[in-house]
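Beneath this line is the structure, given in structure tokens, with notes to follow.
If you want it as structure tokens, here you go:
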């Protein structure tokens, strides 16, 4: 099987090209073509033909296809559905903020975590994405949208820590100064709480922002909506967050989707205050995006206000996430799910 050229780190690419009998500087030329979005060796016009032929024989590169592109009439959010080389599809969202443009990328095709309110996990995990495929989500979203991307969030389809090695390699690639050069402090990784990976991630000292999809501060509630809580528990999640903060100096954020009648009571709010203060976490309250196949509904405005009042009184720093792209199925997994249902009808 041909090697995945775009997933190689610069020094690895150089070694491979030298092994083909070419001088080292040819690797930098190849890298420049790849960073422009060129995905055909024939287009690399400053390389000799014999080297281009050797590269075609040894490596594979692929340009993802846009299956769907939706642009929000409300706020300009762009949602892409990309077709991968094997025919699978993933979603990517480009969002604009005052500080710059952010791209939200997927790390897997499907997801095995089974969160009860999420569209991404319907149908389970198909496969993990390669580093090159995640990099292409960023690169081709920037090229197609015409928007310079300054921030990345790994909050799309899939659980990043369930694809640990590929995600770490992607992070190094997208951070590379000779490539997209996006700083680690501008990258956020979101996890449902695979605590067995927290210490390993902390040891890498990447200086990215880690956010934990907590969504409930007690085991009874969290286990009902998040199977990942089984065998770990909220106490363990909070302890792992505390260790991560102590090791890296990077404050954790708790993502908390407000679900009507499930996790939005005063008791939940008071317990969330205690959990956040245990590890110095920031809380990001998220108005739930309704998913057609799920029974859950977003919290009422009254419940949201009462919940926030308790957080204020408890001295917890929190924000309420802006709802972007609500008219283009911006909740991760919805567009892919629509495509799957349409294909099943054919």
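Residue numbers (our numbering): -14 to 331. Cβ atoms here follow ideal geometry from the backbone N, Cα and C, with glycine treated the same way.
I'd like to confirm the pairing. Which residues does DSSP put opposite residue 68 in its beta bridges?
Paired residues: 50, 74.
Using beta-carbon positions only, say whether residue 92 and residue 148 come within less than 7 Å of one another.
yes
Look at the alpha carbon of residue 143 and the alpha carbon of residue 175, and state the distance between them as a whole number of angstroms.
10 Å
According to DSSP, what are the bridge partners of residue 234?
DSSP lists no partner for residue 234.
Burial state of residue 64, where buried means 16 or more other Cβ atoms lie within 10 Å
It counts as buried.
Considering only the beta carbon of each residue, do residue 155 and residue 124 sit closer than 7 Å?
The Cβ atoms of residue 155 and residue 124 lie no closer than 7 Å to each other.
Give a yes or no on contact between the stretch 21 to 40 and the stretch 51 to 69, applying the rule of three or more CB pairs nearer than 8 Å.
no
Which same chain residues, not among the five before or five after residue -1, have their C-beta less than 6 Å away from its C-beta?
9, 12
Check the C-beta distance from residue 69 over to residue 76 and give it rounded, since I have them as a contact under 8 Å.
Actually they are not in contact, since the Cβ atoms of residue 69 and residue 76 sit about 12 Å apart, beyond 8 Å.
In chain order, what residues of the same chain have a beta carbon less than 6 Å from the beta carbon of residue 54, not counting five sequence neighbours either side?
65
Check whether the stretch 185 to 197 touches the stretch 234 to 247, taking contact to mean three or more Cβ pairs, one atom from each stretch, closer than 8 Å.
yes
In three-state DSSP terms, what is residue 154?
helix
Just the C-alpha distance for residue 282 and residue 245, rounded to the nearest angstrom, thanks.
Spanning the two alpha carbons is a distance of roughly 6 Å.
Closest by C-alpha distance to residue 33, when choosing among 56, 6, 258
Cα-wise, what sits closest to residue 33 is 6.
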